[in-house]
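**Q**
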Amino acid sequence: MGTHAPILAIAVPLLGGFALPLLARFHKGLRDAWAIVVALFVSVCAGYVASRVLSGEIWIYVLGAKNPVDTLAPGGFPIRIMLTVDALSAFLGIIAGIIGPLMFLSLIRFLPEEEGKTLSLTLATLLLAGIMGMAYTGDLFNFFVFLEVTSIAACGIIGFRTWTSRAPEAAFKTMLLYALSGLFFLLGVAFLYGEYGALNMAYVSREIRGTTVDRLALALFLSGLLMKAAAAPMHFWAPDAYGETPPAATPLLVVNTQVSLYGLWRVLFTLYGGVLDRGVGWLVVALGLLTMVVAAFMALVQTDLGRLVAYGAVSQIGYMMLGVGVGLVALPGKPPYALVATQGGVFHMLNDALTVGLLFLCVAAVEWVRGTRDLRELGGLGHSLPEVGLCFLLSSLALAGIPPLNGFASKILIYEGSFGLSPILTAVAVLTSILLLAVFVRAFQGAFLGPRVEVGKKVPWQLLLAMGILAVGIVVFGLVPGFFVEKMVGPAAEALFSRSAYLFAVLRG
Amino acid sequence: MGVEILTGQGFWHALVWFAAALGVFLLSLAIWSMGRREFRRGTEAELPFVSGERVEDARVGAPHLYWGFAEALKPFLERLRNFHSGFIGDYVGWFAVILAVILLLVMA
C-alpha cells in the first residue's frame, strides 16, 4: 500500500465522500465513523509520504504507467498524469492531515442532523480530496481540476445554512469569484499548452522562455491564485465566507486558502523560477503588507466574533505572502535572509492552520452554548466555559505572535528575514501584530470576561477534544520550533529554491 | 533538542525566554510585595469606579474597548469599510484593477 500512498491520499476521500450518503441510509453513526476514518486515512498517507519526502527525496507517482515511477512515455515525453510530491507538497499534506480529522471530529457533533448534515460531510470530504490533489499533483490541468473540486465543495459548505439569508449570499459571491479565479487559471494553462503542447509542470518549466504568451499566462495565474488565496484587495469574499460557514468546518476552508497560496508559490518558483522578474516578488510583498494591514484594521471594527476571527485569518495570509515574497524578490542572488524569510512564510502556514483553526472552534463552542456570536450580546463566558476561554486566549496570543507560542516562532523568522530586504517591511509587520493583539484582547474581553453568564448547554466533548489537540500543537510548535524547522519547514522552504531538482526528478536530465 | 531556531540575525530559544520571563515575574513579585496591604476582598475596593457613581454589575463591552482609537481613525476606517461594500460588482472591479496592475508589471 505504501507505494501508492500519494494517490490513495486523494482517491480515498474522493470515493469515500460519495460513499457517505449511501452509508447514511443504513446508519448515521456509520456515516460519522466513516468520515473520521477517511480523514484519518488521509493523515496516515500524508504522514507516510512526508516521512519519505522530507528527507530530500521527490516522490513521483505516475498514473497509467506499468510502473508508477516511469515518468517518461516511450519517446521521452512526460505525457501521463503525474503526482510530484516534494517537501513543500508533503508539508501541505501534513497541514491537511492534521486539520482534516479534527475538523470532522467537531463537525459530526456540531452539525444538526435535520439540516443536511450528510451532504455537508460529503462536501467536506471532497474538499479534503481536492486539497490533497492540489498539493500533490505535478500537472497543470490536474491542478485546475482539483482547484475546481475545492471551489465547488467549499461553496457548498459556505452556503450550508440555507435558511439564513447571509450564508447563500456569501456562497454565491464566493462561487462567482472562485469561478473567475478558476477560469483565469484555466486560460493560463491553455496558453502554455498551446505554446509547449504539454501540461506537466516540470516539462513546461524547462521549456518556458519568458515570451509574451508566457507572461500573459503568468498574469492569469497570478490574478486567479491571488484571488483564491484572499490577497487584498481581492480578499472581500473571505470574511463573508469564513463568517457564514458553520465555524466547526471553517478550519478546512483556511487550509483550502493556504493550498491556493501553495499553488501560487509553485507557479512562481517552480514553473516560472527560471524567467521571473524581481518585480513580481515585490508585488507579492506589497500585496502581503496590504493584506495584513487592511484585514487587521477591519478586524478592529467587527462586532461579530466569527467575522473578527475571519479578518484575523486573512491578515495571516499577508504574513505568509510577505515571508515567501521576500524569498521571491531575492531569488536570483539567494542571500541567507531570503531562506529565513521563506522558512518563516512556510512555517506560518502550519501555525496559522493551528491557531486560526482553534479560534474558529472556539467560535463554534461559543455559538453552540449561546446561539449568537455578536460581541455586543456576549460576555462572561469565561466563568462557565473556562477551557474554551483558555483556548481562545492561547490561540489569540499565538496569532498575534506572542512568545513562546507557535505564531511567534514563524513570525520572528519573517521579521528578521524581511529585515534583510528592508526594515520598513519588518516595522509594518510588527505594528500589525500589535494591532492584532489589541483586536483579539478586545474579542476575549468581550466574549469571556465580565459578570458570570449562565449557559444551558455544555460544549460537546468532540469539540473540546479537537480544541485541546490544537492547543497542545500551538504550545509544542512554539516550544521546540527548531525541531520542526529542521525536519519539516527547512526542507519545504528549500524545495522552493530547488527548481532544478524538481525538474530532474521528473525529466531525468 | 530542537528548542533553538537561527534567524540569520540571531537566534530564538524558548528556554532563554522562560528564564527572562521568570526574572521579570520575580522582580514584579518583589515590587508588588512592597505595596500597601489594606486591600480586602469583598469590600468596596472591589467595585468598579465609573464616573463617580456607584454602579453594580458595570461592564465595559467589547465595542467600547479602544473606542478613542477607533474614533480617531474614523475617517480612515469608514473608508475602509466602504471598500467592503458587500456588492459583488465591487469585488469583481477590484479583481480587474489588480489584473491590470499585474499585466502592466508582467508585460512591461
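Read top to bottom, the protein sequences are chains E and P. All residue numbers for the first sequence refer to my numbering, where the first residue is 966 and numbers rise by one. All residue numbers for the second sequence refer to my numbering, where the first residue is 362 and numbers rise by one. From the three backbone atoms N, C-alpha and C, an ideal C-beta is built for every residue, glycine too. Since this is a predicted model, take the numbers as computed values, not measurements.
What does the alpha-carbon distance come out to for the pair Leu466(P) and Ser1387(E)?
**A** What you label residue 466(P) is simply residue 105 of the second sequence in a count that begins at 1. What you label residue 1387(E) is simply residue 422 of the first sequence in a count that begins at 1. For Leu466(P) and Ser1387(E), the distance between alpha carbons rounds to 21 Å.
**Q** Please check the pair Leu1187(E) and Ile463(P), which I expect to be a contact at CB under 8 Å, by giving their CB distance rounded to whole angstroms.
**A** On the first sequence, position 222 is the one that residue 1187(E) refers to. On the second sequence, position 102 is the one that residue 463(P) refers to. Your pair Leu1187(E) and Ile463(P) checks out as a contact, with CB atoms roughly 5 Å apart and the cut at 8 Å.
**Q** Quick one: which unbroken alpha helix (DSSP H) runs of 4-plus residues sit fully inside the region 1047-1083 of chain E? Chain order, please.
**A** Runs of the alpha helix (DSSP H) lying entirely within the region 1047-1083 of chain E and spanning at least 4 residues, in chain order: 1052-1075.
**Q** Mind listing the chain P neighbours of Thr1268(E)? Cutoff is C-beta to C-beta under 7 Å, in chain order.
**A** On the first sequence, residue 1268(E) is found 303 positions in, with the first residue counted as 1. Within 7 Å Cβ-Cβ: Pro424.
**Q** Using 8 Å for Cβ pairs, my map puts Leu1435(E) next to Ala1213(E). What's the rounded Cβ distance?
**A** Position 470 of the first sequence, counted from the start, is the residue given in the question as residue 1435(E). Position 248 of the first sequence, counted from the start, is the residue given in the question as residue 1213(E). In fact, because the Cβ distance is near 12 Å, the residues do not count as touching under 8 Å.
**Q** Just tell me which of Val1471(E), Leu980(E), Tyr1101(E) has its CA closest to the CA of Ser1054(E).
**A** Position 89 of the first sequence holds residue 1054(E). That would be Tyr1101(E), whose Cα lies nearest to the Cα of Ser1054(E).
**Q** Interface residues of chain P around Leu1142(E) at Cβ under 9 Å?
**A** As a working note, residue 1142(E) is residue 177 in the first sequence. Correct list: Ile449, Tyr452, Val453, Phe456.
**Q** At the 7 Å Cβ level, is Trp378(P) part of the contact set with chain E, yes or no?
**A** Translated into positions along the second sequence, residue 378(P) becomes position 17. So yes, Trp378(P) belongs to the interface.
**Q** Which residue marks the beginning of the alpha helix (DSSP H) containing His495(P), and which one marks its end?
**A** Residue 495(P) lies beyond the residue range present for chain P, which begins at 362 and ends at 469; the question has no answer from this structure.
**Q** Anything in the region 1388-1405 of chain E with a Cβ closer than 7 Å to a Cβ of chain P? List those residues in chain order, please.
**A** Ala1403
**Q** Residues of chain P with a CB under 8 Å from the CB of Met1263(E): which are they?
**A** Looking up residue 1263(E) in the first sequence gives position 298. Within chain P, the residues near Met1263(E) are Leu441, Arg442, His445.
**Q** With 7 Å set as the bound, which would you pick, yes or no: does the beta-carbon of Phe1442(E) sit closer than that to a beta-carbon of chain B?
**A** Structure shown: chain B not included; protein chains present are E and P.
**Q** What's the gap between the Cα of Ile392(P) and the Cα of Val385(P)?
**A** Position 31 of the second sequence holds residue 392(P). Position 24 of the second sequence holds residue 385(P). Their backbone Cα atoms lie some 11 Å apart in a straight line.
**Q** State the DSSP-derived secondary structure class of Leu1370(E), mapped to helix, strand or coil.
**A** Looking up residue 1370(E) in the first sequence gives position 405. Taken through DSSP and simplified to helix, strand or coil, Leu1370(E) comes out as coil.
**Q** Could you tell me whether any Cβ in chain P is nearer than 7 Å to the Cβ of Ser1188(E)?
**A** The residue given as residue 1188(E) occupies position 223 in the first sequence. At a cut-off of 7 Å between beta-carbon atoms, Ser1188(E) makes contact with chain P.
**Q** Are the C-beta of Met1192(E) and some C-beta of chain P separated by less than 7 Å?
**A** Position 227 of the first sequence, counting from 1, holds the residue named residue 1192(E). Yes, because at least one Cβ of chain P sits closer than 7 Å to the Cβ of Met1192(E).
**Q** Compare the C-beta of Pro1133(E) with all C-beta atoms of chain P and state if any pair is closer than 7 Å.
**A** Looking up residue 1133(E) in the first sequence gives position 168. No, no contact with chain P.
**Q** Following the continuous alpha helix (DSSP H) through Trp1247(E), name the residue where it begins and the one where it ends.
**A** The count along the first sequence starts at 1 and reaches residue 1247(E) at position 282. It spans 1243-1265 - the alpha helix (DSSP H) in which Trp1247(E) sits, taken as one unbroken run.
**Q** Determine the contact status of Leu1226(E) and Met1166(E), defining contact as a CB-CB distance below 7 Å.
**A** If you number the first sequence from 1, residue 1226(E) lands on position 261. If you number the first sequence from 1, residue 1166(E) lands on position 201. Result no, Cβ atoms of Leu1226(E) and Met1166(E) do not sit closer than 7 Å.
**Q** Tell me whether Asp1317(E) sits in a helix, a strand or coil according to DSSP, three-state version.
**A** Numbered from 1 along the first sequence, position 352 holds the residue referred to as residue 1317(E). Correct three-state label for Asp1317(E): helix.
**Q** Looking only at DSSP bridge pairs, what is Thr1090(E) linked to?
**A** The residue you call residue 1090(E) lines up with position 125 of the first sequence. Answer is none; Thr1090(E) lacks a bridge partner.
**Q** Find the nearest neighbour of Val1219(E) within the set Ile1063(E), Ala1038(E), Glu1419(E), judged by alpha-carbon distance.
**A** Here residue 1219(E) corresponds to residue number 254 of the first sequence, with the count starting at 1. Cα-wise, what sits closest to Val1219(E) is Ile1063(E).
**Q** For the alpha helix (DSSP H) holding Tyr1143(E), just list the boundary residues, first then last.
**A** As a working mapping, residue 1143(E) is identified with position 178 in the first sequence. Unbroken alpha helix (DSSP H) run through Tyr1143(E): 1131-1161.
**Q** Residues of chain E with a CB under 8 Å from the CB of Leu438(P): which are they?
**A** In the second sequence, residue 438(P) corresponds to position 77, counting from 1. Correct list: Phe1262, Leu1265, Val1266.
**Q** From Tyr1026(E) to Phe1006(E), what does the alpha carbon distance come to, in whole angstroms?
**A** On the first sequence, position 61 is the one that residue 1026(E) refers to. On the first sequence, position 41 is the one that residue 1006(E) refers to. Taking the straight line joining both Cα atoms gives about 19 Å.
**Q** Would you mind telling me which residues of chain P sit closer than 8 Å to Leu1145(E), beta carbon to beta carbon, in chain order?
**A** By one-based count along the first sequence, residue 1145(E) stands at place 180. Correct list: Val453, Phe456.
**Q** Looking only at DSSP bridge pairs, what is Leu995(E) linked to?
**A** Looking up residue 995(E) in the first sequence gives position 30. None; Leu995(E) has no bridge partner.
**Q** Would you say Pro1297(E) faces chain P, with C-beta separation under 7 Å as the test?
**A** By one-based count along the first sequence, residue 1297(E) stands at place 332. Judged by the 7 Å Cβ criterion, Pro1297(E) is not in contact with chain P.
**Q** Can you grab the Cα-Cα spacing for the pair Gly1239(E) / Asp1051(E), in whole Å?
**A** For this step, residue 1239(E) is matched to residue 274 along the first sequence. For this step, residue 1051(E) is matched to residue 86 along the first sequence. Gly1239(E) and Asp1051(E): Cα-Cα distance of roughly 18 Å.
**Q** Kindly say whether Gly429(P), judged by its beta-carbon, lies nearer than 7 Å to any beta-carbon of chain E.
**A** The sequence position of residue 429(P) within the second sequence is 68, counting from 1. So, not an interface residue.
**Q** Could you tell me the distance, in whole angstroms, from the CA atom of Ile1117(E) to the CA atom of Ala970(E)?
**A** Here residue 1117(E) refers to the residue found at position 152 when the first sequence is read from its first residue. Here residue 970(E) refers to the residue found at position 5 when the first sequence is read from its first residue. Cα to Cα, Ile1117(E) sits roughly 25 Å from Ala970(E).
**Q** So if DSSP puts Ile1025(E) in a beta bridge, which residue, or which two residues, is it bridged to?
**A** Counting from 1 along the first sequence, the entry for residue 1025(E) is found at position 60. DSSP lists Thr1049(E) as partners of Ile1025(E).
**Q** Sort out for me which residues DSSP pairs Glu365(P) with in a bridge.
**A** Within the second sequence, the letter at position 4 stands for residue 365(P). The partner list for Glu365(P) (beta bridge, DSSP) reads His374(P).
**Q** Hey, how far is the Cα of Arg1126(E) from the Cα of Leu1076(E)?
**A** On the first sequence, position 161 is the one that residue 1126(E) refers to. On the first sequence, position 111 is the one that residue 1076(E) refers to. Those two C-alpha atoms are separated by around 10 Å.
**Q** How is the alpha helix (DSSP H) around Ser1387(E) delimited, first residue to last?
**A** Working through the first sequence from its first residue, we reach residue 1387(E) at position 422. Unbroken run through Ser1387(E): none, as it is neither H nor E.
**Q** So what does DSSP say about Ala1038(E), is it helix, strand or coil?
**A** As a first step, residue 1038(E) is located in the first sequence; it is residue number 73 there, counting from the start. Ala1038(E): strand per DSSP, three-state reduction.
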